[in-house]
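Here the structure is laid out as C-alpha cells; the discussion comes afterwards.
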Amino acid sequence: MADVVKFAKPAGFFDTFVRRPGPIKKNMHYCPGCGHGILHKLIAEAMADFKIKDHTVLIAPVGCAVFAYYYFDCYGVSSPHGRAPAIATAISRTNPDDVVISYQGDGDLASIGFNHILQAANRGENMTVFFVNNAIYGMTGGQMAPTTLPGQVTQTSPWGRSVEETGYPIKVCEMISQFEAPVYVERCALSTVPNIMKARNAVRKAIQNSMNKKGFSLVEFLSGCPVNLKMNAEQMNAFLNEKMTKFFPLGVYKDVADERAPVHHPVPTFDREKVIETLYPQAFDHAVEDNFRYKSPVFQKECKVKISGFGGQGVLSLGHVMAVMGKLRNFNVSWLPSYGPEMRGGTANCSVVFSHKHVGSPQADYNCDLMICMNQPSVDKFLGQLSPKGVLVYDASTISNPPTGPEQTVYGIRASDIAAEMGNQKMANSVILGAVIQMMQECLMNEDEKDDLDRAVEAALNESFASKPELAA
Amino acid sequence: METEKKKRVFRCDINGDECKGCGRCVIACPKHVLSMGTKLNKMSAPYAVYAGSGCIGCGGCFYSCPEPGAITIVEEVQD
Amino acid sequence: MKRTNKILLKGNEAVVYGALLAGCECYFGYPITPASEIAHTAARLFPKLGRIFIQAECEIASINMVLGASAAGRRAMTASSGLGISLKQEGVSYIAGSELPAVIIDVMRGGPGLGNIAPEQADYNQIVKGGGHGSYKCIVLAPGSVQEMCDLTVLAFDLADKYRTPVYVLTDGMIGQMMEKLELPEPKGRRPLPEWALNRECPKANCIASIYLDTGDLEKVNIRLNKKYDEIKKNEQRAEEYHMEDAEYAFVAYGISSRMARTAVDELRSEGMKIGLIRPQTLFPFPADALNRAVDRGVKEFFCVEMSNGQMIDDVKLSIECRRPVTLINRMGGNVPSVEEIIQAVKAKLGVK
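Chains as they are written, first to last, in this note's numbering: chain A, 358 to 830; chain B, 1212 to 1290; chain C, 159 to 511.
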C-alpha cells in the first residue's frame, strides 16, 4: 500500500521559516483561526502550481501580514504602512516580466494608503492586490478599521461604531471597479469551504492576469479575526457570511481581462551613442576654438547685466540669447531669472553674468555694467543697481527721462514703437538686442571683433530657438 | 469503460505540533471525522485529531486550516 | 550630426542630464516649485531612452516608488522642495533602514510652512541630521553651480550604491533656476544588478525589510549603520577651498550662498583682507578636516554664510570644537544675502572700515 499526497503544505512556502525569529519555524505567526493563514496557503499553492516562485515579488504591508516574507518562497519587500501599491508600481515597471503581489489589510489599503491604491488601480499597473478585510485592526490590538461594521465594538469604538461620527464601512471593490483601467475586481470570503474554494479561484485568476500582463487585479477577502472579535470558528464564519456580506456583498465586480491587451513596457537603453544623441546638444558650425577670447577691454573683467520689464516682453529670452552668445564665445556665463507666480503676468527680470574666470554671484544686484529696462517700474526698482559708470538701455516708447548719474551712458530706444511699426510689438526685445549689439560694436569693441559679434548673435539666436528652452517671459 | 467505482480510501494526517486548535477544520469537515482533542501540543495548544476513518479527501479541512503544514490529506492506494 | 558636450542648462535640468548619464533608470516625482523643471525635463528625456518616468500621486508615493525600484535593483531618483521632502521622510527612513541606494534632490525654498518659493537653505537640519525617525544619516551633496548639479548627481548615484544608503543633492531654488554653461560627462552603462536585488537574475528569495522586532537584532543593525556612517565621514568629506592658502579669515558657505561669499572674497581681497572660502560640497559628512586644517594654518575667525537661522553654523563650531569664533551672516525668508551685505557684516565684526 502506498500513500499518495492529495493536499499538503504548498511548495510556495519555505519548508522551514528560517527568517522567523524564535524557536517556532514551521508555523506562521498568526493567531489561531486567522484568515491570513488561509489566504497565504492559497497564494503559496498558486505560486507553486504556476511555477512563478522565481519571479514573484510579494510586498508585505504593515499590519498582521507584516511578516509575510517569512513564509513565501519568492522575493519579498516590506512596505511602509499603506504604501505597498507605490512600491508595487515601481517593481512592476522595472521588472515587467515579474508577478507583483501587493498584500494589504484594511487599515493599510483603505485608510492610511487609500490614495495609493486608488491611483495604482487607476493607472492600471500590472499587479495583483490581495486585500484582507477583517473589519478590525488586528496587529495594533483591535481598533476600528475603515471597514468596521456599524455598531461593531472595537477598542476605539467602545460603544459600537457610530455612523454619525465615523461614517460607513468603505466599500473598496465597489470603488475600484468604477475605474476604467482595472481588469478584475472580486470580493470573496474566507469562511465556509465553498467560499474558500471561490477565493482560491479568484487568487489564481488574479495571479494569472499578472502573468499575462493584463494589468490591475484586486481581490478582497472578508477574513476572520477570531481572537480580536472574540469568536470561535463557527461564530467567525457566521459573522463573515451573514453580517459582513450585508455590507460587503460577495461576487465579481469587474472582469474584463479577456478584452484587454497586455500592458506594454518600454525597454531602457544605455547605448552610449543613443544616450549622447539624446542628451548632447548639436554642435553648431559657428563655434570657435576653446582658446578663443575676445580681446576688447570690456571683456577683461566680469560683466553683470540686468534685464527687466513686464512679464511677456521677452525679458528672459533676451537674457537667454545673450547668455548663449557668451557660451559660444567661451565665457563662463550665468543666467538667473526671477521665477514663480510673479512671472505669470507680473514683473520679470533676469541677471546675466559673463566672465572669463569663475562666475561668483550670479545675481546682478549691484554695480551692474549693463542695465536694460523695458518698463517704468523696472527703472524705479533697479536703476540704483547700475554701476556709476554703467550703461543703461531703455525702451523710450514707455519710459521717459530715467534719472541716471553723470558718468552713466544712456541709450533710449523706442523699441516698442519700432516693433509695432514692424508689425509685432512682442519683438521689442529683439529691437533692444539689436541696439545693444550696435552700441557694443560702436563703443566697446575692437575693430576686428565687430564682425564676430554679429556672427555670435546669429548663432545664439539659432541655438536659443533651436533648443526651445522653457522661457516663461 | 469503467463501470464499477473502486472505493477510494483517504486519510487526514494532522501534525499536532503545527495545529493551533482553532477548530476551523472540525466545522469544515462534511463527514464529521475531525474533532478537537484534549491533549496539548508543544505550543500548549489543543489540536485537532482525525477519527481514523471516514475521510473522503475533499480537502475542505486543508483549505480551511490557516496553518501551512498542519493538515496533509493522503490517499491510500493499493499496490 | 555632430554633438558637443558643452551646453547651457538650468540647474534643475542639469540634474536630469546627470542622472541619465549616470544610468538612472527611473524618475518618480510630484510637481513643486522651484523643483518642477526636474520633473519636466525627466518627463521629456527619460522616455526617450526607454526609462521610466512616473508622475506619482503624491510625494509619499514617489519616494516609495523609489524604494520599490531600488529594491528591484534599478537606479532610481526623486526630487522635490522642502515641504515635499518633509512628506518623503517616512520613506527615506525606510530606505535607510532597508539599506537601499536612492537619490533624492531637494531644491530648497522658503519655509516654514507653505513659506514661499524663493531660495532658502533652511532644510539643512532636516536633510543633514537625518530627517525621519530613527538613528540614520544620509549622504548630503551640496552643488555650488550648474556644473555640479550635474556632476554631484552622478556622484550621488555612485555613493548611494557604494554605501547602500539614500543620498541627497541639497540645492536651492536659485541654483535650480539659473542657467550656466556646463560640460556633460560621459554616459555610464547600466549598473549591474546588485546581488541583494529583488530580481530573478539574483539569488532566489531575496528579501528587503527594515523590521527587527528583537531589540538585540535592531541594536546590531543600528551599530552596523553607524559604523557605515563613520566610514562615510572618513572617506567622503569634500570641500572646495578658495584663497585659503594664506587666509586669516574664512567664509564657510555652501550652495548659492557660497557664490556670494566667493565674490565677497574677491572684493575683500582687493581691499587687502586675507580672507578665503571653504565651500562644503558634502554636508554629511561635514568637511571637518578642511576646517581643522584652516585652524591649524592660522585662520583666526570664521564667517558662516547661510540662508537659514544658523543651522550649518552648529556643524562649523562642532567641527573645530569651538576653537575659533564663528559669526553667522544670514538671511531668511527667501532672501539671498547680497555680496555687499556679506562684506559689511565682515567689516562690522572685525571693526574694519
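Just so it is clear, CB atoms sit at the ideal spot from N, CA and C, and this is done for glycine as well.
Selected residue, minimal CA-CA separation from residue i, among the options
i       : options                           : result
B:K1218 : B:F1273, B:G1268 and B:A1281      : B:G1268
A:Y751  : A:R686, A:G791 and A:G433         : A:G791
A:D372  : A:A618, A:C431 and A:D811         : A:C431
C:V173  : C:G347, C:L328 and C:S477         : C:L328
A:G769  : A:M796, A:D642 and A:S580         : A:M796
A:I664  : A:L727, A:R629 and A:T626         : A:L727
A:P442  : A:P418, A:K570, A:C660 and A:A813 : A:P418
C:V265  : C:I333, C:Q213 and C:P343         : C:I333
A:P760  : A:A785, A:C730 and A:D809         : A:C730
A:I458  : A:R440, A:M554 and A:A359         : A:R440
A:K383  : A:F370, A:C391 and A:D454         : A:F370
is_contact[residue i, chain A] using C-beta, thresh 9 Å
i       : result
B:S1275 : yes
B:K1217 : no
C:Y252  : yes
B:G1232 : yes
B:T1283 : yes
B:V1244 : no
B:V1288 : yes
B:I1225 : no
B:V1260 : no
Range of the contiguous beta strand (DSSP E) that encloses residue i
i       : result
A:F487  : M484 to N490
C:G187  : C184 to G187
A:M728  : C725 to C730
A:D612  : G608 to D612
C:P277  : N274 to P277
B:G1248 : L1245 to L1251
A:L579  : F573 to L579
A:R686  : First-last for A:R686: undefined, no H or E at that position.
Neighbour flag for residue i against chain B, beta carbons, 9 Å
i      : result
A:D406 : no
A:C388 : yes
A:P583 : yes
A:A365 : yes
A:L607 : no
A:I564 : no
Per DSSP, cross-strand counterpart(s) of residue i
i      : result
A:G769 : A:Y751
A:D360 : B:E1287
C:E374 : The amino acid at residue 374 of chain C is misidentified as Glu; the sequence shows Gly. Its beta-bridge partners do not exist; DSSP assigns none.
A:T704 : A:F667
Partners in chain C for residue i, counting only beta-carbon separations shorter than 8 Å
i      : result
A:L636 : Y175, L178, L179, L203, L342 and P345
A:Y633 : Note on residue identity: the sequence assigns Ile, not Tyr, to residue 633 of chain A. By Cβ distance, chain C contributes R161 and P345.
Residue i Cβ short of 8 Å to the ligand GDP heavy atom set
i      : result
C:P189 : You won't find the ligand GDP in this model; it holds no ligand whatsoever.
Closer than 7 Å at the beta carbon, the chain C residues around residue i
i      : result
A:C431 : A363
Below-9 Å beta-carbon distance, residue i vs any chain C residue
i      : result
A:L693 : yes
A:S436 : yes
A:P619 : no
A:E827 : Confidence at A:E827 is low in this model, with a pLDDT of 46, below 50, so its placement is unreliable and no value can be given for it.
A:A830 : With a pLDDT of only 38 at A:A830, under 50, the local geometry of the prediction cannot be trusted, and the value read off the model is given with reservation. No - not a single Cβ of chain C is within 9 Å of the one on A:A830.
A:A816 : no
A:I444 : yes
A:T497 : no
A:T626 : yes
A:N786 : no
A:G722 : Reading the sequence as shown, one finds Asp at residue 722 of chain A and not Gly. Yes, because at least one Cβ of chain C sits closer than 9 Å to the Cβ of A:D722.
Extent of the continuous alpha helix (DSSP H) run through residue i
i       : result
C:E499  : V497 to L508
B:D1224 : From DSSP, B:D1224 is part of no alpha helix (DSSP H) but of the beta strand (DSSP E) over V1220 to I1225.
A:N598  : Note, A:N598: premise wrong, no alpha helix (DSSP H); not H, not E.
C:T311  : V304 to Y321
Within chain B, partners of residue i - CB distance below 9 Å
i      : result
A:R557 : Y1274
Residue i: contacting residues in chain A (beta-carbon distance under 8 Å)
i       : result
C:A227  : A447, I448, R450 and T451
B:A1256 : P389
Chain-ordered neighbours of residue i on chain A, where CB pairs are closer than 7 Å
i      : result
C:L166 : A680, V681 and K684
C:I369 : V423 and S435
Partners in chain B for residue i, counting only beta-carbon separations shorter than 7 Å
i      : result
A:C391 : P1277
Contacts of residue i in chain B (Cβ-Cβ under 8 Å)
i      : result
A:V394 : Checking the sequence, you will find Gly at residue 394 of chain A rather than Val. Per Cβ cutoff of 8 Å: C1276, P1277, E1278 and P1279.
A:M554 : Y1274
A:M358 : E1287, V1288, Q1289 and D1290
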